[in-house]
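Enquirer: Residues in the sequence shown are numbered consecutively from 1, following our numbering.
Beta carbons: idealized from backbone N, C-alpha and C, even for Gly.
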Amino acid sequence: MSSCIFCKIISGEIPAAKIYEDDLVLAFLDIGPINFGHTLVIPKEHHESSSTIPEAVAGRMFHVGSRIGIALKRKFEYDAFNLHLADGTAAGQVVMHAHLHVVPRGVEDGFRWNWRQLAYKEGELPAFAEELAAKVAADLAKGE
Ligand code: 5GP
Ligand code: ZN
1 MSSCIFCKII SGEIPAAKIY EDDLVLAFLD IGPINFGHTL VIPKEHHESS
51 STIPEAVAGR MFHVGSRIGI ALKRKFEYDA FNLHLADGTA AGQVVMHAHL
101 HVVPRGVEDG FRWNWRQLAY KEGELPAFAE ELAAKVAADL AKGE
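#1: Locate the alpha helix (DSSP H) running through isoleucine 5, then write down its first and last residues.
#2: Express the C-alpha separation of glutamine 117 and proline 126 in angstroms, rounding to a whole number.
#3: Could you tell me which uninterrupted beta strand (DSSP E) segments, each at least 3 residues in length, are contained entirely in the stretch 7 to 46, listed from first to last along the chain?
#4: For alanine 104, does the three-state DSSP call read helix, strand or coil?
#5: Taking 7 Å as the line, does the beta carbon of phenylalanine 6 fall inside it for any heavy atom of the ligand ZN?
#6: Take the Cβ of methionine 61 as the centre, count every other Cβ of all protein chains shown within 10 Å, and call the residue buried at 16 or more, exposed below.
#7: Looking only at C-alpha atoms, which of Cys4, Glu21 and Gly110 sits nearest to glutamate 13?
#8: Could you give the residue range of the beta strand (DSSP E) that holds alanine 138?
#9: With which residues is leucine 83 paired in a DSSP beta bridge?
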């Protein structure tokens with residue numbers, strides 16, 4: 001996609017600090033890292049949403065992302081890493097070429113995900129699960 005900044009990185013039109021590349025995926029340093037070494041793993045083919053990435057490519061993204069997380073721990077003495085993917089603007093996706101963030105973490109790195117925990121109303125959870133499970137099964141059966 002010609003106007004996409006990450007497609008331009010893949011084609012070499014825009015420079016990036018490449019960490020890993022193969023036939024399916026490219027990994028490069030995020031220009032504004034949460035911690036140093038924060039890396040993005042992207043499919044070489046343009047997909048806006050993670051949901052349209054072929055299973056083999058999505059699997060490679062996850063595998064490469066977690067191996068980069070391990071390498072960051074081993075080489076730079078981080079304690080852990082987060083894998084994060086924002087799918088859609090409301091979820092925080094800014095660059096509309098799907099990408100997996102690999103964020104190296106330290107026990108005292110001072111960064112906290114703003115995570116909240118709501119509570120289902122009494123008896124609401126099983127029905128919610130049933131409705132969602134049926135929708136997932138139907139969509140997967142249709143190949144959507
Ligand atoms: P999002 O919010 O879409 O999940 O994350 C987009 C990420 O892409 C941000 O963390 C941002 O720092 C990174 N980013 C945006 N433009 C560029 C760029 O031109 N080069 C690199 N290396 N990273 C970028
Ligand atoms: Zn793209």
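Expert: Answer, in terms of the structure:
#1: That run of the alpha helix (DSSP H) goes 5 to 11.
#2: In this model, proline 126 and glutamine 117 are separated by some 18 Å (Cα to Cα).
#3: Taking 3 residues as the minimum length, the beta strand (DSSP E) runs contained wholly in the stretch 7 to 46 are 18 to 21, 25 to 29 and 39 to 43, in order along the chain.
#4: It should be pointed out that residue 104 corresponds to proline in this sequence rather than to alanine. The answer is strand: DSSP assigns proline 104 an E or B state.
#5: Phenylalanine 6: yes, Cβ under 7 Å from the ligand ZN.
#6: The residue in question, methionine 61, is buried, as its Cβ has 16 or more Cβ neighbours within 10 Å.
#7: Closest by C-alpha distance to glutamate 13, out of Cys4, Glu21 and Gly110, is Cys4.
#8: Element bounds for alanine 138: not the beta strand (DSSP E) but the alpha helix (DSSP H), 124 to 142.
#9: Partner(s): Val102.
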